[in-house]
Structure formats: C-alpha cells, structure tokens
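Trainee: Numbering (the numbering used here), first residue to last: 2 to 148. Beta carbons: idealized from backbone N, C-alpha and C, even for Gly. Handing you this structure, nothing more for now.
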C-alpha cells in the first residue's frame, strides 16, 4: 500500500499561500488525517471526516488506485457576522495505490461518528502459505568422504 497523490500536497500548499484566508471566506480542507495499518490478513484505513455528510462520502477503486472523497457543506453566510471562522469546508480527497496483492472486490467501508473505516483484504494468492513437502517411501543414504 502506497500513498498516491503527487500533486495534492503541492496544490494544497499553493491554495493556502495564494488564497484569501480572511474570516468567513471560502476555505477548502487542507488534508484528511488518515491512519493505515495491517492486521492479520487485511489492511485497515481510518480517516477523520468530522462534520461530513455521510451521503457525500465516496470510495472507489479504479485501475489499482483507491480514492476517498467527501464533502463538508458550508453554512450560509447570510446575516452572519463572523467572529472566528476556522473550520474548513469543501471537498476532501485522498488516493492510495493498491498493490497487486489486494482483493479489490472485497474492500468494505463504514462511516461512524465522523470516522471512515475501510477494510482492505489481502488477496488469497498473496497470503503466506505453507507448502507441503512430499517424501519418497524409499530411504536413501548419502555418504560423505573427505579428501
């Protein structure tokens, strides 16, 4: 499992440096905090998405790339006098390149209390296995000689 988003971090940095960061201004999320670990025969990805509408969370696999995206909708600014506006809204997106040993058809996900949990199973062909060694019925002896 590799992280794949070569230009995402540069894009995020550029938007932060070049965009208006005034109180009450339109701001997009800077990142989606994520953990990834292996447990037994599967990987587990957890991503923090507080305040995101569960219906906006999208998870798809295309050509070996897992894409997670979600949307947090902004509150109406109409009649509001902002004192502090630090929460980001807009579209979150992360991509991961899946290795050949992943069972993409078996990926499952759950969204609870602002945390997305994705289970990514290891493909049967990639799991470690014990190979049986056949033994012949006849016994052979090997003699060693020293010169």
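For residue 112, collect the residues of the same chain with a Cβ closer than 7 Å to its Cβ; drop the 5 residues on either side in sequence, then sort them by chain order.
Mentor: The residues are 55 and 58.
Trainee: Given a cut-off of 8 Å on the beta-carbon distance, is the pair residue 65 and residue 92 in contact?
Mentor: Result no, Cβ atoms of residue 65 and residue 92 do not sit closer than 8 Å.
Trainee: Whole angstroms are fine: how far does the CA of residue 76 sit from the CA of residue 1?
Mentor: No answer is possible for residue 1: the residues shown for the chain start at 2 and end at 148.
Trainee: Going by beta-carbon coordinates alone, are residue 88 and residue 48 separated by less than 8 Å?
Mentor: Not closer than 8 Å, so no.
Trainee: On the DSSP letters alone, give me the boundaries of the beta strand (DSSP E) that residue 35 sits inside.
Mentor: Residue 35 -> beta strand (DSSP E) spans 35-40.
Trainee: Taking the straight line between their C-alpha atoms, what separation do you get for residue 44 and residue 80?
Mentor: The alpha-carbon atoms of residue 44 and residue 80 are separated by roughly 47 Å.
Trainee: Between the Cα of residue 70 and the Cα atoms of 40, 117 and 131, which residue gives the shortest distance?
Mentor: Per the Cα distances, 117.
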